[in-house]
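J.: Residue numbers (the working numbering), protein chains in the order written: chain Y, 5 to 193; chain C, 5 to 193. Built from N, CA and C at the ideal position, the CB exists for glycine as well. A quick note: this is a predicted structure, and the numbers were derived from the prediction, not measured. Please read through the structure below; I'll follow up with questions.
There are 2 protein chains.
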Amino acid sequence: MARVGLTTERLARAGAELADEVGFAQVTVSALAKRFDVKVASLYSHVKNSHDLKTKIALLALEELADRGAAALAGRAGKDALAAFANVYRDYAREHPGRYAAAQLRLDPEAAAASAGGRHAQMTRAILRGYDLAEPDQTHAVRLLGSVFHGYVSLELGGGFSHSAPDTQETWSRIIDALDALLRNWPTA
Amino acid sequence: MARVGLTTERLARAGAELADEVGFAQVTVSALAKRFDVKVASLYSHVKNSHDLKTKIALLALEELADRGAAALAGRAGKDALAAFANVYRDYAREHPGRYAAAQLRLDPEAAAASAGGRHAQMTRAILRGYDLAEPDQTHAVRLLGSVFHGYVSLELGGGFSHSAPDTQETWSRIIDALDALLRNWPTA
DNA sequence: ACGACTTGCCTAAAGGCTTTAGGTAACTGC
DNA sequence: GCAGTTACCTAAAGCCTTTAGGCAAGTCGT
Numbered sequence: 005m006a007r008v009g010l011t012t013e014r015l016a017r018a019g020a021e022l023a024d025e026v027g028f029a030q031v032t033v034s035a036l037a038k039r040f041d042v043k044v045a046s047l048y049s050h051v052k053n054s055h056d057l058k059t060k061i062a063l064l065a066l067e068e069l070a071d072r073g074a075a076a077l078a079g080r081a082g083k084d085a086l087a088a089f090a091n092v093y094r095d096y097a098r099e100h101p102g103r104y105a106a107a108q109l110r111l112d113p114e115a116a117a118a119s120a121g122g123r124h125a126q127m128t129r130a131i132l133r134g135y136d137l138a139e140p141d142q143t144h145a146v147r148l149l150g151s152v153f154h155g156y157v158s159l160e161l162g163g164g165f166s167h168s169a170p171d172t173q174e175t176w177s178r179i180i181d182a183l184d185a186l187l188r189n190w191p192t193a
Numbered sequence: 005m006a007r008v009g010l011t012t013e014r015l016a017r018a019g020a021e022l023a024d025e026v027g028f029a030q031v032t033v034s035a036l037a038k039r040f041d042v043k044v045a046s047l048y049s050h051v052k053n054s055h056d057l058k059t060k061i062a063l064l065a066l067e068e069l070a071d072r073g074a075a076a077l078a079g080r081a082g083k084d085a086l087a088a089f090a091n092v093y094r095d096y097a098r099e100h101p102g103r104y105a106a107a108q109l110r111l112d113p114e115a116a117a118a119s120a121g122g123r124h125a126q127m128t129r130a131i132l133r134g135y136d137l138a139e140p141d142q143t144h145a146v147r148l149l150g151s152v153f154h155g156y157v158s159l160e161l162g163g164g165f166s167h168s169a170p171d172t173q174e175t176w177s178r179i180i181d182a183l184d185a186l187l188r189n190w191p192t193a
């Protein structure tokens, strides 16, 4: 009965890898147990239940994404910051589709409060420092940026833009150009 | 052994209702059988398997959404058309969250080809007739609009904007204003 | 109207995932 | 080296999926 050394942390990390390999929806307590070559019941000492496991993976992904965002924003401003931050989302989703899907999990209020969600909002707001927007337009713009990033990435990942010219990289660049132009010229009510 | 009169069609329709009530992820062959007061195995004459059922619900939702979109676009142009079409997505998602989630299901190529996906793209392109955009910018714009609509709606539905001022209706209106302004003034490469 | 065919719904059964209860063996520290 | 903790185990119940095979309720030809 050799001990494997399970921890909540290691389970979440392995769950994230599993998600990237087989899809977040296919992440299961059972599959994770197989990956550690351990009986299923053993995981229940480290994780409350299946939903708890998924939540932990989601929190991990949000954390990673926020870290990457912060790194990208450091020392950048204006359109440069906008583009770098946008690319963080897109690249992360392409490198880690399962984790990105996990980050979209609807969290209960408690988990949401403990998540890196706030950091994401703060960073988006920081990008807008390079543009001249007062409240409430700033909040509207934060929400727009969040919508575009998330919407584009999830449509692209889901194959919504597949096999049609022009290629998605080109579109992505032009969308960032367009957002930059829009933020510099935000219509007043 | 009274016959209930199951059909693929009725199953998809009832599945869509079930999705709106308990969430698309909770739609299960088993739950659907209970709803018809019929044994689970009976459904397998009308539906290949669980995934097939979900696909049929997704196709139904895409169809409904396209129908609403077409109705909204009839007799409208420019910003008027843009706003009406955008509201179709948002309203549909709010009225039918389960169906909307179903519409996001990643379809295999065969199902995707048979879906109303093409109609959606065509309608978005039709909206752009009110603006002066040549290819390839038109395609970029189609993708941007799709991203914003889907991204905003799914973030709002997921509670991403909850409990923070200003309210989401206000943001939604201002985002449509912003998109209109952007399309009238699309930045040239 | 009645027999034959079709088919809609059934029972039975196997396999997988989740979750809980309770046991045993491996580490930890005095 | 012993006591206590804890990591992992076995066992079992419950629910969902899916397939195989059966009977009765419809439908159709004559």
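Would a C-beta distance cut-off of 8 Å place residue 144(Y) and residue 179(C) closer than the cut-off?
T.: yes
J.: How about the region 114-124 of chain C and the region 64-72 of chain C: do they share at least three Cβ pairs that are nearer than 8 Å?
T.: Yes, since at least three Cβ pairs between the region 114-124 of chain C and the region 64-72 of chain C fall closer than 8 Å, the two stretches touch.
J.: Below 8 Å on the Cβ atoms is my guess for residue 134(C) versus residue 85(C); work out the distance and round it to an integer in Å.
T.: 6 Å
J.: Tell me the rounded alpha-carbon separation between residue 197(Y) and residue 31(Y).
T.: Limits of chain Y in this structure are 5 at one end and 193 at the other, which puts residue 197(Y) out of reach.
J.: In whole angstroms, what is the alpha-carbon distance linking residue 118(C) and residue 105(Y)?
T.: 26 Å
J.: Taking the continuous alpha helix (DSSP H) assigned at residue 57(Y), which residues delimit it?
T.: In this chain, the alpha helix (DSSP H) harbouring residue 57(Y) covers 54-77.
J.: Using the Cα positions of residue 18(Y) and residue 109(Y), report the straight-line distance between them to the nearest angstrom.
T.: 18 Å
J.: Identify, in the order they occur along the chain, each residue of the same chain with its Cβ nearer than 7 Å to the Cβ of residue 111(C), setting aside the five sequence neighbours on each side.
T.: 59, 62, 119
J.: One question on the structure: do residue 10(C) and residue 42(C) come within less than 8 Å of each other, judged by their Cβ atoms?
T.: yes
J.: Using a Cβ-Cβ distance under 8 Å, would residue 152(C) count as near chain Y?
T.: Chain Y, which has a Cβ nearer than 8 Å to the Cβ of residue 152(C), makes this yes.
J.: Is it true that the region 44-55 of chain C meets the region 145-163 of chain C, where meeting means three or more beta-carbon pairs spaced less than 8 Å apart?
T.: no
J.: If you follow the alpha helix (DSSP H) that residue 161(C) is part of, which residue opens it and which one closes it?
T.: 141-161
J.: My understanding is that residue 25(C) touches residue 102(C), with C-beta atoms under 8 Å, so please give their C-beta distance in whole angstroms.
T.: 7 Å
J.: Can you find a C-beta in chain C that's less than 8 Å from the C-beta of residue 156(Y)?
T.: Contacts with chain C at 8 Å (Cβ-Cβ) include residue 156(Y).
J.: Using a C-beta to C-beta distance shorter than 8 Å, which residues of chain Y count as neighbours of residue 179(C)?
T.: 144, 147, 148, 151
J.: In three-state terms, what does DSSP make of residue 135(C)?
T.: coil
J.: Who are the Cβ neighbours of residue 89(C) in its own chain at under 7 Å, not counting the five residues just before and after it?
T.: 73, 76, 77, 127, 131
J.: For chain C, find out if any of its Cβ atoms is closer than 8 Å to the Cβ of residue 165(Y); answer yes or no.
T.: yes
J.: Which residues in the same chain as residue 93(C) place their Cβ atom closer than 6 Å to its Cβ, once the five residues preceding and following it in sequence are excluded?
T.: 153, 157
J.: Smallest Cα separation from residue 148(C): which of 182(C), 56(C), 96(C), 100(C)?
T.: 182(C)
J.: Would residue 185(C) pass as an interface residue toward chain Y - the criterion being a Cβ-Cβ separation below 8 Å?
T.: yes
J.: According to DSSP, is residue 27(Y) helix, strand or coil?
T.: Collapsing the DSSP output to three states places residue 27(Y) in coil.
J.: Does residue 159(C) have its Cβ less than 8 Å from a Cβ in chain Y?
T.: Interface residue, yes.
J.: Using CA atoms only, rank isn't needed, just tell me which of 46(Y), 96(Y), 138(Y), 169(Y) is closest to residue 20(Y).
T.: 96(Y)
J.: What residue range is occupied by the uninterrupted alpha helix (DSSP H) comprising residue 43(C)?
T.: Careful: residue 43(C) lies outside any alpha helix (DSSP H) and carries neither H nor E.
J.: Ends of the alpha helix (DSSP H) at residue 170(C)?
T.: Residue 170(C) -> no alpha helix (DSSP H), and no H or E assigned at all.
J.: State the DSSP-derived secondary structure class of residue 165(Y), mapped to helix, strand or coil.
T.: Note: residue 165(Y) maps to coil in three-state DSSP.
J.: Does any residue of chain C have a CB that is nearer than 8 Å to the CB of residue 182(Y)?
T.: yes
J.: So which residues of chain Y does residue 189(C) contact, with C-beta pairs closer than 8 Å?
T.: 185, 189
J.: Find out if the Cβ-Cβ distance for the pair residue 204(Y), residue 47(Y) is shorter than 8 Å.
T.: Absent from the model: residue 204(Y). The displayed extent of chain Y is 5 to 193, so no value can be given.
J.: What's the gap between the Cα of residue 184(Y) and the Cα of residue 100(C)?
T.: 34 Å
J.: Could you give the DSSP three-state label for residue 108(C): helix, strand or coil?
T.: coil
J.: Do you know offhand how far residue 175(Y)'s Cα is from residue 191(C)'s?
T.: 13 Å
J.: Using Cβ-Cβ distances below 9 Å, what residues of the region 102-113 of chain Y are close to chain C?
T.: 108, 109, 110, 111, 113
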